[in-house]
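Q:
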RNA sequence: GUGAGUGUAGCUCAGUGGUUAGAGCGCCGGACUGUGGCUCCGGAAGUCGGGGGUUCGAAUCCCCUCACUCACCCCA
């Protein structure tokens, strides 16, 4: 039988790597909750129109990257390409501003985009998503950015950079796009095909262009922050002042306009050089019109999405991440001892220890070898000698020292041995 | 959707027209019959990504195809 491989752009995360994921997720959860954010889980499938309206018809995500199908009831269903519209929907659908004192939400899980896979990019990928609704004040922009920056630094990721910009609002943007088109003038014909299209549909996104020949022209274009209205200018100044309060350094990037339609005012990204072409660890911004556009009250929103794959890739090699290993390996010699070993393993597990037994009743040599490979710090050895004396031989696998102890004292012995055999640094993924 | 590179054992790879396709690591067993790590010995394991073609003969050359990787586009 030929094997059936995983779908393109999807992958299995196996033991050995999963610990790094659990570490990232655990650090993120604890950090978000320290900041007062509550977890929400939304469905992975949504109506197509949620993203058509929420993410935006003109975006690449909606135009060519969505997994959409018609279900048996004739409904157009989409596998979510991002989480923000779902969280906005949940916020609106459940009137969360009435339910929650402060609508600060986070969620994590898989997203789907039909793209060609490459380093740090998959068709099923995973994001950590954080959103706050209904706060106008610029201090929340800074808090969200501080949260994002803290996530990266608490994971021990080195060499990242914060990019910041403001893309204005419906008041000032028309004047800016007019100025942009005017400044382009005849040069528009010298830009690449994509940019010529953008000039007509969404001129802001010309700043996304990376075609070398276009760069000289783009560098001469006006900047959004020079065309902000008074309110947007004041807001942006506040954001910068608060960031200085937090001691977070940033670089203003005039070209950070971002691909999604809904952004207003603040946009930001955290980049890292070590990931190759897909260098954005996370990105986000403010979206003041989105909640209303999705049928809710006129409330502001701000948030960011971080790519878990990319965070995991950016994790330092020497991150102290505990690998799963038993506390005790129980080795048995002979059938009678094996029966007793089963009892002992069950007893240790019930007492909260990670205990394992050889699954196939092989030679003692093989069992000790397995204990070694599992990196068990302790081995409990049971044979006829031990059975007749009602004892267990405890072996310290690091030193090779062995002691005979009474059968009834094994639990206590393991409990006392644990602190001294456990490694000093244990990041303790989850579910201890 | 476009371009380039790579597909040989579980993993990393050697083998570029000539016997039954190899190595290292890993795995299983033994030397060591109740004890892991070191050493030595033995063993299992491959439709050489798939299909077609050239040839007396193909892992090797040609064509097609699939997958993976990286990059473009765009994004997390």
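Numbering (our numbering), first residue to last: 98 to 529. Glycine residues also receive a C-beta, built at the ideal position from the N, C-alpha and C atoms.
1. If the criterion is Cβ atoms closer than 9 Å, does the pair residue 477 and residue 490 meet it?
2. What's the gap between the Cα of residue 479 and the Cα of residue 435?
3. What are the partner residues of residue 263, as DSSP defines its beta bridges?
4. Where does the unbroken alpha helix (DSSP H) through residue 530 begin, and where does it stop?
5. Quick one: is residue 529 buried, meaning 16 or more other Cβ sit within 10 Å of its Cβ, or exposed?
6. For residue 446 and residue 427, I'd like the C-alpha separation in whole angstroms.
7. Any idea if residue 331 is buried or exposed, counting beta-carbon neighbours within 10 angstroms, 16 or more meaning buried?
8. May I ask which residues mark the beginning and end of the beta strand (DSSP E) holding residue 201?
9. Which residues share a DSSP beta bridge with residue 452?
10. Distance, Cα to Cα, residue 398 vs residue 494?
11. Rank 205, 481, 184, 153 by C-alpha distance to the C-alpha of residue 118 and give the top, closest one.
12. To the nearest angstrom, how far is the alpha carbon of residue 116 from that of residue 420?
13. Check residue 399 in the structure and name its three-state DSSP category.
14. Indicate the three-state DSSP secondary structure (helix, strand or coil) for residue 111 in the structure shown.
15. Look at the alpha carbon of residue 527 and the alpha carbon of residue 128, and state the distance between them as a whole number of angstroms.
16. Quick one: what's got a C-beta closer than 6 Å to residue 522's C-beta in the same chain, skipping five residues either side?
17. Identify, in the order they occur along the chain, each residue of the same chain with its Cβ nearer than 6 Å to the Cβ of residue 333, setting aside the five sequence neighbours on each side.
18. Pull up the DSSP beta-bridge partners for residue 257, would you.
19. Contact check, residue 329 vs residue 265 under 8 Å by CB: the rounded distance?
20. Sort 504, 185, 184, 183 by Cα distance to residue 486 and report the nearest one.
21. In the structure shown, what three-state DSSP assignment does residue 116 receive?
22. From this set, 199, 151, 174, 166, which residue's C-alpha is nearest residue 180's C-alpha?
23. Quick one: what's residue 501 bridged to in DSSP?
24. According to DSSP, is residue 524 part of a helix, a strand, or is it coil?
25. Start and end of the alpha helix (DSSP H) containing residue 375?
26. Go to residue 189, then tell me how far its alpha helix (DSSP H) extends in each direction, as first and last residue.
27. Over what stretch of residues does the alpha helix (DSSP H) that includes residue 412 continue unbroken?
28. Starting from residue 273, follow the alpha helix (DSSP H) in both directions and report where the run begins and ends.
29. State yes or no: is the C-beta of residue 144 within less than 9 Å of the C-beta of residue 190?
30. Would you call the CB atoms of residue 353 and residue 366 closer than 9 Å?
31. With DSSP as the reference, label residue 168 as helix, strand or coil.
A: Working from what's here:
1. In contact: residue 477 and residue 490 (Cβ atoms closer than 9 Å).
2. 8 Å
3. 363
4. With the chain covering only 98 through 529, there is no way to say anything about residue 530.
5. The pLDDT assigned to residue 529 is 27, lower than 50, so where the model puts this residue is not dependable, and the model offers no usable value.
6. Cα to Cα, residue 446 sits roughly 12 Å from residue 427.
7. Label assigned to residue 331: exposed.
8. 201–209
9. 425
10. Cα to Cα, the separation comes out at about 56 Å.
11. Residue nearest to residue 118 within the set 205, 481, 184, 153 is 205 (criterion: CA-CA distance).
12. 7 Å
13. strand
14. coil
15. Because the pLDDT of residue 527 is 33, which lies under 50, any placement of that residue in the model is unreliable, and the number read from its coordinates should be weighed accordingly. If you take the alpha carbons of residue 527 and residue 128, they lie about 14 Å apart.
16. Low local confidence applies: a pLDDT of 37 at residue 522 is under 50, so the model's placement there is unreliable, and no value is given.
17. Taking residue 333 as the centre and dropping the five residues before and after it, the same chain places the C-beta of 263 closer than 6 Å to its C-beta, in chain order.
18. 369
19. 5 Å
20. 504
21. helix
22. 151
23. In the DSSP assignment, residue 501 is bridged to 490.
24. For residue 524, the predicted model reports a pLDDT of 39, less than 50, meaning its position is unreliable and no value from the coordinates is stated.
25. From DSSP, residue 375 is part of no alpha helix (DSSP H); its letter is neither H nor E.
26. 181–190
27. Unbroken run through residue 412: none, as it is neither H nor E.
28. 270–281
29. No.
30. yes
31. coil
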